[in-house]
Amino acid sequence: MMTEEEKRIYTIDDIARELGVSKTTVSRAISGKGRIGQATRERVLAFIKEHDYRPNVVARGLAQRKTYNIALLMPKDYVATEFLFFKDCMNGICEVASEYNYDIIISMIDGEDISQIQRLEANRKVDGIIVSRAVVSSKVQKYLKECREPFVLIGPSDDPNIPFIDNKNQEAGKELTSIMLMKGMRHLALLGGNQSYNVTVSRYQGFLDAHHE
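Positions 9 to 221 (my numbering) are the ones given, in order, by the sequence shown.
1. Ignore the nearest five residues each way along the sequence and tell me which others in residue 118's own chain have a CB closer than 6 Å to its CB.
2. Answer with buried or exposed for residue 188, where buried requires no fewer than 16 other C-beta atoms within 10 angstroms of its C-beta.
3. So, helix, strand or coil for residue 70, using DSSP?
4. Measuring CB atoms only, is the region 163-171 touching the region 88-105, in the sense that at least three cross pairs come out at less than 8 Å?
5. Would residue 177 pass as a contact of residue 141 if the rule is Cβ separation under 8 Å?
6. Relative to the C-alpha of residue 183, which candidate in 160, 173, 204 and 214 has its C-alpha closest?
7. If you drop the 5 nearest sequence neighbours on each side, which residues of the same chain put their C-beta closer than 6 Å to that of residue 70?
8. With distances taken from CA atoms, which of 28, 53, 25 and 22 is nearest residue 36?
9. Give me the Cα-Cα distance between residue 27 and residue 17, rounded to the nearest whole angstrom.
10. Is the Cβ-Cβ distance between residue 160 and residue 138 less than 8 Å?
11. Measuring alpha carbon to alpha carbon, tell me which residue in 96, 47, 78 and 59 is nearest residue 22.
12. State the start and end residues of the unbroken beta strand (DSSP E) segment that holds residue 111.
13. Tell me whether the beta-carbon of residue 152 lies closer than 8 Å to the beta-carbon of residue 115.
14. Helix, strand or coil: which one does DSSP assign to residue 29?
15. Residue 75 and residue 134 look like a contact to me (Cβ under 8 Å); what is the Cβ gap, rounded to whole Å?
16. Let's test the definition: count the other Cβ atoms within 10 Å of the Cβ of residue 181 and tell me whether it reaches 16, buried, or not, exposed.
17. Excluding the five sequence neighbours on either side, which residues of its own chain have a C-beta within less than 7 Å of the C-beta of residue 147, listed in chain order?
18. If we ignore side chains and look at the alpha-carbon of each, how far apart do residue 219 and residue 173 end up?
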């Protein structure tokens with residue numbers, strides 16, 4: 009069984025009191041910033057290692073005005089064929105976020121309903137938002153711009169002020185269609201997705217570009 013000493017969770021106040029130094033000194037030893045004697049720094053770090061001290065993320069976030077959370081907005085209506093794409097996106101997002109000591113909060117968004125986003129923003133639960141599908145004339149994007157919440161889209165955007173990451177859907181649609189046309193096929197059909205999604209519009213434009221060329 010663990011002893012009371014082993015169970016104890018130390019704070020910066022506790023460390024400062026135990027070592028007879030100031031909280032500022034402890035903070036400087038932990039961060040590696042600010043003037044502090046080498047012997048004192050080593051003493052603080054040795055105590056931290058011995059007692060398995062871990063900085064309080066909430067307290068650190070309050071001090072730095074950060075939550076260390078990023079929201080990933082997922083559409084409630086995504087279909088089975090999109091699952092692998094979203095899974096790959098989530099894997100990459102979580103991998104990079106963890107490198108920066110961030111956690112991911114997943115919020116399922118129902119169409120143009122922005123109530124969940126409003127709660128995230130009003131309660132200051134996140135430092136930024138990743139929108140997993142770019143929607144034409146999106147109420148979501150409009151709201152995020154108005155409240156100045158940092159966000160990025162997965163998918164294309166015609167707005168030069170919105171950062172986005174996307175595959176070259178228009179170019180791919182054009183190339184695939186061109187291959188079929190070069191093979192002599194003339195009566196082609198494009199089976200796309202929801203026309204309110206920019207990705208569908210991009211692929212359709214590539215389909216048209218190939219015919220035009």
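By construction, the Cβ of each residue, glycine as well, lies at the ideal position given by its N, Cα and C atoms.
Let me lay it out:
1. 84
2. exposed
3. In this prediction, residue 70 has a pLDDT of 45, which is less than 50 and means its spatial position is unreliable; what the coordinates show is noted afterwards. Residue 70 falls in the helix class under three-state DSSP.
4. no
5. no
6. Per the C-alpha coordinates, the member of 160, 173, 204 and 214 positioned closest to residue 183 is 214.
7. In this predicted model, residue 70 has a pLDDT of only 45, less than 50, meaning its place in the structure is not dependable; the value taken from the coordinates is given anyway. Counting only residues of its own chain and dropping the five nearest sequence neighbours on each side, residue 70 has no CB closer than 6 Å to any other CB.
8. Nearest Cα to residue 36 within the set 28, 53, 25 and 22: 53.
9. 16 Å
10. Between residue 160 and residue 138, the gap from beta carbon to beta carbon is short of 8 Å.
11. Proximity to residue 22 across 96, 47, 78 and 59 peaks at 59, based on C-alpha coordinates.
12. 111-117
13. no
14. Coil, per DSSP.
15. 6 Å
16. buried
17. 120 and 122
18. 27 Å
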